[in-house]
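12 is the number that numbering that gives the first Met the number 0 gives to position 13 of the sequence shown; each next residue is one higher, with no gaps.
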Amino acid sequence: MKDDFKKIKVYKGNGKVKYDNPTSYTFIGRGYTGAVFKLSSKKCVKIFANEKDVKYELEALELGQHTSVIPKLYEVGQNYIVMEYISGVDLHTYLLEQQFLSDQIAEHILFCLMELKRLGFPRLDVRLRHFLFTKSNTLKVIDHAYALRKQVKKPEKLFKNLKQLGLLEDFFSYAKRVDPVIYNEWKK
0 MKDDFKKIKV
10 YKGNGKVKYD
20 NPTSYTFIGR
30 GYTGAVFKLS
40 SKKCVKIFAN
50 EKDVKYELEA
60 LELGQHTSVI
70 PKLYEVGQNY
80 IVMEYISGVD
90 LHTYLLEQQF
100 LSDQIAEHIL
110 FCLMELKRLG
120 FPRLDVRLRH
130 FLFTKSNTLK
140 VIDHAYALRK
150 QVKKPEKLFK
160 NLKQLGLLED
170 FFSYAKRVDP
180 VIYNEWKK
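Written out as C-alpha cells, the structure reads:
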C-alpha cells in the first residue's frame, strides 16, 4: 500500500527519537528529530516527532533542490518528508574503514561545504555521519532540520570528527592547496 508508512509513529526520546514501525519498511536511521525508513530503491521517508522540525527540514531541502549535494524532495506531509534514497555509506564509517583521506574525498567535502555556503545555508557545521558517500563516488549531505536555524560559519563538528580519525591535518593540507582563502578563514 502506497501510504503504509503513515502508520509508523515517531516519538521524542531522551536524545534520539523512538519509533513504532508496524510496516515492512526497512529502518535506516534515527536522530534527534526523526527516523528514516526506506520506501523503495529511489525513495525514503523521514518521519518527525515534532511538526515544526518538518517545516525546518523542508525549508533546507527546498533551498537545495538545484544542487547535487542535497537529496531530491518528493512529498511532504504533516509529520513526514519523502525524499531521495541515497544508497551508500556515511562518511564517518567509510573513513574509519579506509584510515585515509584521499584528495578526491577532501575535494568532495570541500565542494559540499562550498555549495551549502553558496546556497545561503548559515550552518556549515556538518558532521561526518551526515555526508553519504554514494556508489557513484559522490557525496550528499543529509539531515537538515537545523541547517537554516543556527549560524555556524566553520564546520567545527566536521573538524572534530576528522581529528578523532587522525585525518584533520590531511583535510587542512588539501584545503590550503586548493582554497587558501577558506583555509585561512577556518584556521582563525
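Just so you know, even glycine gets a beta-carbon here, dropped at the ideal spot from N, CA and C.
Distance CB(residue i)-CB(residue j) smaller than 8 Å
| i | j | result |
| --- | --- | --- |
| R117 | H91 | no |
| L57 | I69 | no |
| R176 | L157 | no |
| L100 | L94 | yes |
| G30 | K42 | no |
| V140 | F130 | yes |
| Y24 | K8 | no |
| K6 | T22 | yes |
Limits of the unbroken alpha helix (DSSP H) element including residue i
| i | result |
| --- | --- |
| D102 | 102 to 118 |
| R122 | From DSSP, R122 is part of no alpha helix (DSSP H); its letter is neither H nor E. |
| A174 | 167 to 177 |
| F158 | 155 to 163 |
Reference residue i, options the options, closest by Cα
| i | options | result |
| --- | --- | --- |
| D52 | T32, S39, K42, L60 | T32 |
| S39 | L147, A144, V140, F4 | F4 |
| I85 | S135, K17, L164, A34 | S135 |
| T137 | E114, S67, R148 | S67 |
| K71 | Y93, K45, L95 | K45 |
| A144 | E155, D169, K54 | K54 |
| G165 | A48, Y10, V140, Q98 | Q98 |
| P154 | L115, S172, L131, P179 | L115 |
| K17 | V35, S23, A105 | V35 |
| A174 | I7, V9, A105, K1 | A105 |
| G87 | K159, K186, L161, I27 | I27 |
| Y10 | E50, K1, K37 | E50 |
| F47 | D142, L161, Q163 | D142 |
Paired residues, beta bridge with residue i - DSSP
| i | result |
| --- | --- |
| D89 | L131 |
| E56 | Partner(s): none; E56 has no beta bridge. |
| G33 | F47 |
| I181 | The partner list for I181 (beta bridge, DSSP) is empty, contrary to what the question assumes. |
| D19 | K8 |
| V68 | Paired residue(s): none; V68 is not in a bridge. |
| G28 | V35 |
Where the beta strand (DSSP E) through residue i begins and ends
| i | result |
| --- | --- |
| R126 | Neither: R126 is in no beta strand (DSSP E) and is coded neither H nor E. |
| K11 | Premise fails: K11 is in no beta strand (DSSP E) and is neither H nor E. |
| L72 | 72 to 75 |
| I46 | 42 to 47 |
| V140 | 138 to 140 |
| I80 | 79 to 83 |
Exercise for the section: Pair every Cβ in the region 79 to 86 with every Cβ in the region 113 to 122, then say whether three or more of these pairs are closer than 8 Å. Expected result: Segment contact: the region 79 to 86 against the region 113 to 122, fewer than three CB-CB distances shorter than 8 Å; contact not assigned.
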